[in-house]
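Undergrad:
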Amino acid sequence: MPHSLVLNLLPQSPIPPQYLTGRHLHALFLTLVSSVDSTLGDRLHDSTADKAFTLSPLQISNTNSPLLKGGKGGSKLQYSHQQPIPAGTPCWWRISLLDDTLFGKLTQLWLNLNPNRPWHLGPADLYITSIQGTPQSIQPWANANTYAQLYEEASDGNSSINLTFSTPTAFRQGQYDTTLPTRESVFNSLLSRWNKYSGIEFSQIAIESIFPSFVNIHTEILADSRSKFIGIIGEVTYKILGAVEPIQIKQINALADFALYTGVGRKTTMGMGMTRQMYSP
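When you number the sequence shown by full-length UniProt numbering, it's gap-free, plus one each residue, and the end is 281.
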């Protein structure tokens with residue numbers, strides 16, 4: 001079953017912006033894994049295949065902070081930092097795990113969490129003060145569900161899929177990246193990961209019946225000393241049109257709900273492609 005865990009963190013010293021990149025947060029996650037299973041940590045480090053986890057950028061908990069970019073409610077997240085995060089600033093960090101094997105391996109880490117043990121992000125010491133694994137009104141990125149529940153609870157009548165791309169999102173097309181969130185790029189990305197991890201395989205979905213009906217996106221450029229990443233941020237509504245069977249609508253909604261855990265597109269293990277389906281109140 002997929003888990004979306006939110007770790008609440010407290011830095012004991014300022015975190016310089018150059019250590020807030022996806023690469024450094026990826027290394028911190030591997031350090032957490034290696035602390036309970038060094039073999040698994042090495043395997044995740046060496047693997048080039050689609051990995052069974054995703055990470056978010058580090059977020060500042062106080063939405064009134066001038067350092068926080070984007071809106072409240074988790075629809076937009078901070079994905080780059082120009083200034084250090086000051087010591088004592090409450091932060092959160094989302095880790096999603098897509099299969100029970102990985103979650104089970106890390107159970108000892110969650111159960112034996114020592115709030116007085118520092119973890120290192122560059123020169124800064126971080127304390128993990130708590131972990132959230134169930135939905136919270138003020139923290140929409142924490143959740144857990146079985147794949148069977150995700151499928152059973154998916155709507156077979158909702159024909160309007162509202163996806164929010166909360167961190168820069170791009171898709172691989174041949175040898176190059178594309179930022180356009182076409183139905184093929186988005187839903188084939190979700191489908192391949194669903195079929196890999198869920199155990200409830202969809203042989204195909206009614207992708208030819210999905211049409212973008214509302215688009216509010218813009219591109220963002222993330223650059224560090226090593227590379228440049230261009231991705232889109234914003235909202236897209238996809239309509240399911242035509243004579244589509246309820247079971248096919250259900251499959252599409254299950255994939256859209258799964259996006260919370262798996263994200264879409266490239267570099268989801270480094271904070272990119274964080275996506276979720278938004279429902280009207």
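Heads up, the beta-carbon is just placed ideally off N, CA and C, and yes, glycines get one too.
1. Taking the alpha helix (DSSP H) that R183 falls in, what are its first and last residues?
2. Can you give me the start and stop residues for the alpha helix (DSSP H) that Y176 sits inside?
3. Using a Cβ-Cβ cut-off of 6 angstroms (strictly less than) and excluding sequence neighbours within five positions of L213, which residues of its own chain qualify?
4. By the 10 Å Cβ neighbour count, where 16 or more other Cβ atoms means buried, how is S280 classified, buried or exposed?
5. Taking Cβ positions, are P11 and A170 nearer each other than 8 angstroms?
6. Check V215 in the structure and name its three-state DSSP category.
7. Do G263 and P57 have their C-beta atoms within less than 8 angstroms of each other?
8. Take M1 and list the residues in its own chain whose beta-carbon comes closer than 7 angstroms to its own, dropping the five residues that flank it on each side.
9. The beta strand (DSSP E) with G271 in it runs from where to where?
10. Which of the three DSSP states, helix, strand or coil, is assigned to Y147?
11. Tell me which same chain residues have a C-beta within less than 7 angstroms of the C-beta of S203, skipping the five on either side of it?
12. Looking only at its chain, what residues have a beta carbon closer than 8 angstroms to the beta carbon of K228, apart from the 5 residues adjacent to it on each side?
13. What whole-angstrom Cβ distance do N158 and I247 have, given they're in contact under 8 angstroms?
14. Starting from the C-beta of H26, find all residues in its chain whose C-beta is less than 8 angstroms away, skip the five residues before and the five after it, and write them out in chain order.
TA: Considering the structure as presented:
1. R183 to Y197
2. That residue, Y176, is in no alpha helix (DSSP H); its beta strand (DSSP E) goes Y176 to T178.
3. It is Ser, not Leu, that sits at residue 213 in the sequence shown. So the qualifying residues of the chain are T237 and K239.
4. exposed
5. no
6. DSSP places V215 in strand when its eight states are reduced to three.
7. Cβ atoms of G263 and P57: not closer than 8 angstroms.
8. D100, A144, N145, T146 and Y147
9. Careful: G271 lies outside any beta strand (DSSP E) and carries neither H nor E.
10. helix
11. Only residues of its own chain outside the window of five on either side were considered, and among them none has a CB closer than 7 angstroms to the CB of S203.
12. I221 and L222
13. Not a contact, Cβ separation roughly 13 angstroms.
14. Around H26: L55, T269 and M270.
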